[in-house]
Amino acid sequence: MFAQRVMDLAEYRKKLFDYLTTKMGDTAPNLAALIGEVVNARLISHAGSLTNLAKCPSSTLQILGAEKAHFRFYIVYLLLKQTKSGLILVLMVLFWF
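Per the working numbering, the very first residue in the sequence shown carries number 1; after that it's consecutive.
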């Protein structure tokens, strides 16, 4: 039962990937050729639409989707500022525990 469900999900994922590849090839073929279909779809999704993505300056494209990394940096910055401990120690505490 579980193994069959896993096989069905793997087949469904392959069908979704094929659909995504087809749609991205039709919608934005140049971008799909440059960065791949999956990243292309994520960028369009994060920007809201292909038109909004086209209107974004390159500096915005570079940091699109990096809010989580920025938030992590901000937390490390606050910890360093408050505790006066070294960066290596703070990174070990944050990311390895």
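Glycine included, every Cβ here is placed at the ideal spot set by N, Cα and C.
Cβ-Cβ separation, residue j to residue i (assumed contact under 8 Å), whole Å
{"i": "M113", "j": "A47", "result": "Past the boundaries of the shown model lies residue 113; the chain is included only from 1 to 97, so the question cannot be answered."}
{"i": "I63", "j": "L53", "result": "In fact, because the Cβ distance is near 14 Å, the residues do not count as touching under 8 Å."}
Closest Cα partner of residue i within the set the options
{"i": "A50", "options": "A3, K15, N30, S59", "result": "A quick correction: the sequence has Leu, not Ala, at residue 50. Minimum Cα distance to L50 is reached at N30."}
{"i": "V38", "options": "D8, Y12, F17", "result": "F17"}
Between the CA atoms of residue j and residue i - distance to the nearest angstrom
{"i": "K55", "j": "Q4", "result": "45 Å"}
{"i": "G65", "j": "Y12", "result": "26 Å"}
{"i": "V6", "j": "Y19", "result": "20 Å"}
Chain D within 7 Å of residue i, Cβ atoms only
{"i": "A66", "result": "This model lacks chain D altogether; it includes just one protein chain."}
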